[in-house]
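Colleague:
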Amino acid sequence: VQLQASGGGLVQAGGSLRLSCVASGTISTINVMAWYRQAPGKQREFVASTTGGNRSNYADSVKGRFTISRDNAKNAVYLQMNSLRPEDTDDYYCNVLYIGRFYWGQGTQVTVSS
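According to the numbering used here, the stretch in the sequence shown is residues 3 to 116, in order.
Structural data, given as structure tokens:
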């Protein structure tokens with residue numbers, strides 16, 4: 003499974019960005035699709051996840067501002083980020099759980115200026 007993330011960029015505080023991640027390879031239904039983020043020198047932290055049954059979970063820090071969604075036909079997961087804050091500045095990574103294994107995409111950088 004290969005994951006390709008995109009959509010990062012520079013935005014002012016209060017703005018929005020939409021991250022996308024597409025899984026490719028010989029795959030069928032992906033169980034869990036998620037987003038994590040990591041700042042330099044810090045541990046990677048959970049942001050949001052969605053299951054095959056469309057149940058979603060969010061980190062407390064992003065609840066009400068971020069929305070995760072998925073398109074099973076495209077094996078894609080999205081993260082709509084609204085009301086962005088400078089503390090949301092991080093590299094964002096998509097992650098999937100598929101047949102008992104976790105796969106990571108490359109990071110996409112999000113920078114929020116104050």
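Backbone N, C-alpha and C fix where the C-beta goes; we use that ideal spot for every residue, glycine too. Being a predicted model, the structure only gives us computed values, none of them experimental.
(1) If I follow the unbroken beta strand (DSSP E) through N56, where does it start and stop?
(2) State the beta-bridge partners of Q111 as determined by DSSP.
(3) So S22 and G9 are supposed to be a Cβ contact under 8 angstroms. How far apart are they, rounded?
(4) Tell me whether N33 is buried or exposed, calling it buried when 16 or more other Cβ atoms sit within 10 Å of its Cβ.
(5) Could you give the C-beta distance for L86 and V49, rounded to a whole number, given that I count them as a contact under 8 angstroms?
(6) Does the beta-carbon of A36 have 16 or more other beta-carbons within 10 angstroms, so that it is buried, or is it exposed?
(7) If distances are taken between C-alpha atoms only, which option among A61, I29 and G17 comes closest to A78?
Modeller: On the basis of the data shown:
(1) Careful: N56 lies outside any beta strand (DSSP E) and carries neither H nor E.
(2) D93
(3) 5 angstroms
(4) exposed
(5) Not a contact, Cβ separation roughly 13 angstroms.
(6) buried
(7) I29
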